[in-house]
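Engineer: Sending over a structure as structure tokens; questions will come in a sec.
So, in structure tokens, the structure goes:
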């Protein structure tokens with residue numbers, strides 16, 4: 013995945029993603045062949061976007077993409093890394109991720125390793141806040 017935005021403008025408002033809700037929705041989702049391909053190779057889910065997709069709010073687009081790209085078969089750390097990358101690609105500058113539990117220090121460290129040090133990650137209880145704009149300003 014490259015750092016390019018896929019046909020969307022930059023959004024300065026904070027976007028909130030409920031990871032707990034995603035986990036519940038994923039358990040109920042019936043997977044087809046195409047869904048399985050998106051899960052293994054997420055870029056396929058982002059290649060073709062209709063105009064109606066582009067007209068959705070940043071929150072709606074991120075949620076729709078996350079349902080295609082994130083997987084309950086992967087670790088929470090991997091899913092969060094993918095979610096942050098999706099947010100970057102969608103031009104989102106501030107992201108709050110509501111988690112089912114607070115991340116441990118080792119989990120936060122694994123996530124931070126995948127991004128520039130200038131990207132700010134902070135956790136308060138079960139909410140992980142990501143300042144993506146800090147990484148882009150350096």
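Residue numbers (my numbering): 13 to 150.
The beta carbon of each residue, even a glycine, is placed where N, CA and C say it ideally should be.
Keep in mind it's a predicted model, so treat the numbers as computed, not measured.
1) With a CB to CB cut of under 6 Å and the five nearest residues on each side skipped, what residues in its chain are close to residue 91?
2) Would you kindly work out how many angstroms separate the C-alpha atoms of residue 79 and residue 28, rounded to a whole number?
3) Give me the Cα-Cα distance between residue 31 and residue 108, rounded to the nearest whole angstrom.
4) Could you check which residue in 88, 112, 136, 95 has the C-alpha nearest to that of residue 74?
5) Within its chain, find whatever has a CB closer than 6 Å to the CB of residue 132; leave out the 5 residues flanking it on each side and keep chain order.
6) Among 69, 111, 136, which one has its Cα closest to the Cα of residue 99?
7) Taking Cβ to Cβ, would you say residue 140 is nearer than 8 Å to residue 111?
8) Compare the Cα-Cα distances from residue 71 to each of 89, 134, 102 and report the closest residue.
9) Would you mind sorting residue 19 into buried or exposed? The rule is 16 or more other CB atoms within 10 Å of its CB.
10) Going by C-alpha distance, which of 88, 104, 97, 106 is nearest residue 118?
Structural biologist: By the coordinates alone:
1) 82
2) 15 Å
3) 10 Å
4) 95
5) 143, 146
6) 69
7) yes
8) Looking at the Cα atoms, 102 is the closest of the given residues.
9) With a pLDDT of 45 at residue 19, under the threshold of 50, the modelled position of that residue is not reliable, and no figure is offered here.
10) Sorting 88, 104, 97, 106 by C-alpha distance to the C-alpha of residue 118 places 88 at the top.
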